[in-house]
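In my numbering, the protein residues as written are 1 to 408.
All C-beta atoms, glycine included, are put in the ideal place defined by N, C-alpha and C.
Below you'll find the structure, written out as structure tokens, and then a few comments.
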């Protein structure tokens with residue numbers, strides 16, 4: 001059972017560390033225009049000295065988010081850890097495949113279960129089997145799900161320092177205690193959101209936005225920030241928004257990636273993290289169409305699998321686990337084809353079920369007991385006989401397990 005909101009907030013109060021000593025960004029210029037291609041690209045040069053390569057790993061975790069950054073000095077930044085259902089195993093397996101046994105900076109963009117679902121398991125894994133977690137960072141906006149409580153429990157159990165971040169804070173790169181992390185030259189990671197001060201309890205509005213710069217290369221990730229949060233960013237953080245690579249907000253939903261925001265970011269590459277057969281229809285058609293209008297090279301974890309970008313601050317190379325088009329219009333066509341295949345399979349399953357029901361007395365209606373045909377094939381059997389059935393809001397907790405009913 002999840003703890004009450006009061007207990008959760010008390011736990012946060014005991015765990016949280018004010019972000020004292022984190023450097024506020026001042027005077028950073030707008031992102032530079034870097035020409036990019038899927039295989040290799042060249043930038044325009046930069047006054048910032050860079051050394052080595054920055055890696056960005058967009059891990060295929062289905063209808064969820066998980067992104068790993070590795071700095072030239074070997075410092076690791078893990079942003080979100082996927083959904084609660086696999087309990088972090090997809091991310092753990094990926095970290096193991098890359099030989100990574102320490103996370104220097106573990107970031108939660110917000111407390112929904114499709115973003116922090118693996119946090120507790122990842123913390124336990126690297127603490128028990130590797131060098132552990134350097135520090136954790138989140139917006140400070142609490143949630144009432146079991147997944148969120150598991151995250152805080154792991155923070156407490158392994159004595160991980162938890163920072164509450166706000167706009168202007170800078171990730172303390174180059175200060176990690178990892179044996180493999182050396183001084184990182186030229187990489188900055190600045191938080192553009194949540195807003196400083198009391199900005200309410202909406203998880204999406206307060207979603208952590210991080211801008212990473214390395215030479216001429218820049219990367220922007222916004223979690224599930226929606227239109228109102230994007231509007232604030234355009235109004236207050238315009239100079240820090242232009243980015244070479246943009247991770248599409250809210251899995252490519254129309255709640256995010258609004259035209260004014262895209263015009264401010266001006267990405268040359270976009271990355272979408274969502275499932276091929278997303279129950280929410282992500283990425284939404286309108287977003288892919290907006291990307292197409294702006295000629296944004298687009299990668300989608302559902303189509304490309306794991307996506308790895310490597311840059312020396314000027315040139316960018318991209319490798320994917322699967323071959324797929326990067327033209328947004330082609331990805332839209334692929335999405336529609338997948339949807340049609342699902343519809344055909346569902347029709348076939350329903351036909352088979354109906355034939356079985358007609359030939360099997362056990363599935364026929366019994367007085368007082370609704371049959372599968374009466375309640376519908378998509379009805380949860382746990383709802384049968386329950387007036388109105390169970391209900392759950394976004395990321396609500398039902399029977400000890402997080403659900404995403406009603407999640408946009």
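Is residue 201 buried or exposed, if buried means 16 or more other CB atoms sit within 10 Å of its CB?
exposed
Identify whether residue 410 lies in helix, strand or coil by the three-state DSSP scheme.
In the structure as shown, the chain begins at 1 and stops at 408. Residue 410 is therefore absent and cannot be evaluated.
Could you tell me how far apart the beta carbons of residue 435 and residue 328 are, in whole angstroms, since I believe they sit closer than 8 Å?
The structure shown does not extend to residue 435, since the chain is modelled only from 1 to 408, so the question has no answer here.
Since I believe residue 192 is in contact with residue 233 (beta carbons under 8 Å), could you give me their beta-carbon distance rounded to a whole number of angstroms?
6 Å
Burial state of residue 218 (16 or more Cβ within 10 Å)
buried
When you compare each of 69, 74, 134, 59 to residue 83 by their alpha carbons, which one comes out closest?
59
Excluding sequence positions up to five away, which residues of its chain have a Cβ less than 6 Å from the Cβ of residue 222?
209, 249
Between residue 133 and residue 81, which are expected to be in contact by the criterion C-beta below 8 Å, what is the C-beta distance as a whole number of angstroms?
Not really, about 11 Å apart at Cβ, beyond 8 Å.
Residue 272 beta carbon less than 9 Å from that of residue 298:
yes
Per DSSP, what kind of secondary structure is residue 85 in: helix, strand or coil?
coil
What is the rounded straight-line gap between the Cα of residue 72 and the Cα of residue 278?
35 Å
Evaluate the contact criterion for the segment 149-163 versus the segment 93-101: three or more CB pairs, one atom per stretch, below 8 Å.
no
Residues near residue 101 by beta carbon distance below 8 Å, same chain, minus five either side
95, 126, 129, 130, 131
Where residue 213 falls, given that 16 or more other Cβ within 10 Å makes a residue buried
buried
How far does the alpha helix (DSSP H) with residue 125 in it reach, from first residue to last?
119-129
What residue range does the alpha helix (DSSP H) around residue 301 cover?
301-304
From the DSSP output, in three-state form, read off residue 232 for me.
helix
Could you tell me the alpha carbon to alpha carbon distance between residue 162 and residue 340, rounded to whole angstroms?
45 Å
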